[in-house]
Amino acid sequence: MEQRLNWIDVAKGLGILLVVMSHAPMNPELKAFLFAFHMPLFFYLSGAVFRPKSISTWSFIKKKARSLLLPYFFFSALSYVFWYFIVRHFSFSPGEGVNPVDPLSGILISTPENYGLTYNPAIWFLTCLFVVELVFFLYHKVSKGQGLWFFILFIGVAGYATTFLEYALPWNGFVALTALVFYGLGYKTKQIWSSLSWRMTIPVVTVLFLLVYTVQSLNAERIDMRANIIGDGFYFYLAALIGITAFLLFVQKIDHSRSLLFLGKNSIVILVLHMPILNVVRAVFHYGLGIDLSVANTLPWTILFTATTVLLTIPFIFLFNRFPWFLGKPPKQTNDAPQKAFHLQKKAAL
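First residue of the sequence shown: 0, per numbering that gives the first Met the number 0; consecutive thereafter.
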């Protein structure tokens, strides 16, 4: 079990690096490649850690509200204040033309319409995951896990149908239907992954990623799950599943990477803070160093923006781990049993 949890955390660590990279200045083709599978991957990994529990629906809601909604609203409020006073005044930000009321109401609605998430575009994942977790919990509670493949097929068709609608549900309810496909697959197939030899891993992963690039290039749309844009459903699911497969095959070979384990275990902090921090990094390069951000989108620039942003999140990781309540985690319990036992023995001796 420890090894399985290791690869999931390593996958989250490497995956969150791809998320940060995808939001940095980047070549459009590389961005389309990453968007083809990086968010489906995170829903897959979330499903892989789902454990059926005999608890009431209300208890489940309270648990997920603490772990997902509490961080969402706390960091949304922080991000909005930072956006209002600082980020919206940057020339490379659309903030100057945005009515501040729209992103303020967007905190409650959590959809990208009318710049509702412009204060922190990446944070949508938390509310969407809350909906996904709740729906899957209810499905499993009623069905006991029976008919999962039919559920995945039905929910996938329903999700694809919603992409033709011109409106969105709060908390990305329509996007959650598509996300449930990957969540269910993660729950169902988490045990199939095994490690190949390096001799096999490198060529197989390379070929699979080339297939992702090719399949995505056939899609008329650049994937954007947050906006419920997936283009051609066949190409979307094919590219996403191939990308997840290639990614997880590679992860099996690096599942003891301490740095990726650290990032994976703290991926929620990076998720909620990397966009505000990235905007500061972009401002420093633009205003401080006079860099034209419109041309600073080659791979070396992308890596530099990504690495700088991730490094700057590390102090915040240590800060919020000291106050885990803000991350929706219970405070760490100190084990004072040995100390109590010592005092009891001392008292008895007296």
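Beta carbons: idealized from backbone N, C-alpha and C, even for Gly.
Bear in mind that the values here come from a model prediction, so they are computed numbers and not experimental data.
Short Cβ contact (8 angstroms threshold) for residue i with residue j
i	j	result
Ser-266	Ile-15	yes
Arg-87	Gly-327	no
Ala-282	Phe-89	yes
Ile-253	Val-9	yes
Phe-235	Ile-222	yes
Leu-270	Phe-124	yes
Thr-305	Ala-35	no
Ser-377	His-37	With the chain running from 0 to 349 in the structure shown, residue 377 is simply not present.
Leu-298	Phe-91	no
Ser-194	Gln-251	yes
Val-214	Ile-191	no
Trp-351	Thr-126	Within the shown structure, residues of the chain are numbered from 0 to 349, placing residue 351 beyond reach of any answer.
Strand pairing of residue i, partner residues [DSSP]
i	result
Asp-223	Ile-228
Span separating the alpha-carbon of residue i from that of residue j
i	j	result
Val-294	Val-279	18 angstroms
Gly-144	Phe-129	19 angstroms
Arg-50	Lys-189	12 angstroms
Ile-350	Ala-167	Nothing can be reported for residue 350: it is not among the residues displayed for the chain, which extend from 0 to 349.
His-255	Asn-5	7 angstroms
Glu-95	Leu-133	37 angstroms
Ser-53	Phe-136	10 angstroms
Phe-173	Thr-162	8 angstroms
Phe-149	Tyr-186	14 angstroms
Ala-239	Thr-56	31 angstroms
Gln-2	Gly-12	Interpretation of Gln-2 is limited by its pLDDT of 46, a score under 50 that renders its predicted location unreliable; the figure taken from the coordinates is listed afterwards. Near 15 angstroms, if we compare the C-alpha coordinates of Gly-12 and Gln-2.
Phe-249	Leu-33	16 angstroms
Phe-284	Met-25	15 angstroms
Lys-61	Val-203	43 angstroms
Leu-349	Thr-307	Confidence at Leu-349 is low in this model, with a pLDDT of 39, below 50, so its placement is unreliable and the value that follows should be read with caution. If I take the Cα positions, the gap works out to 59 angstroms.
Pro-329	Pro-70	13 angstroms
Pro-93	Leu-147	43 angstroms
Leu-152	Leu-176	11 angstroms
Ile-243	Phe-73	31 angstroms
Lys-30	Pro-323	33 angstroms
Glu-165	Arg-198	48 angstroms
Leu-67	Ile-302	29 angstroms
Pro-111	Ser-75	14 angstroms
Start-to-end residues for the alpha helix (DSSP H) that takes in residue i
i	result
Pro-27	27-34
Ile-122	No alpha helix (DSSP H) holds Ile-122; DSSP gives it neither H nor E.
Lys-264	257-264
Ile-253	Per DSSP, Ile-253 belongs to no alpha helix (DSSP H) and is neither H nor E.
Phe-284	No alpha helix (DSSP H) contains Phe-284, which DSSP labels as neither H nor E.
Thr-297	Unbroken run through Thr-297: none, as it is neither H nor E.
Thr-56	56-63
Leu-77	69-84
Phe-91	Premise fails: Phe-91 is in no alpha helix (DSSP H) and is neither H nor E.
Leu-152	147-161
Pro-39	37-47
Arg-198	197-217
heavy atom of the ligand SAM below 7 angstroms from residue i C-beta
i	result
His-139	Looking for the ligand SAM in the displayed structure turns up nothing, as the structure carries no ligands at all.
Query raised in the report: Counting Cβ pairs, one atom from each stretch, are 3 or more of them under 8 angstroms apart for the region 197-210 and the region 99-111?
Result: no
Report task. Please confirm if the region 37-48 is in contact with the region 182-189, defined as three or more CB-CB distances below 8 angstroms between the two stretches. Result -> yes
Query - Segment contact flag, the region 117-125 with the region 73-82, C-beta cutoff 8 angstroms, min 3 pairs - result: yes
Report task. Say whether the region 307-322 touches the region 256-276, bearing in mind that this needs 3 or more beta-carbon pairs closer than 8 angstroms, one atom from each stretch. Result -> yes
Requested in this report: Inspect the CB distances between the region 91-104 and the region 134-153 and report whether three or more fall short of 8 angstroms.
Outcome: no
Report task. Decide yes or no for the touch test of the region 146-166 against the region 224-232: beta carbon pairs closer than 8 angstroms, at least 3 of them. Result -> yes
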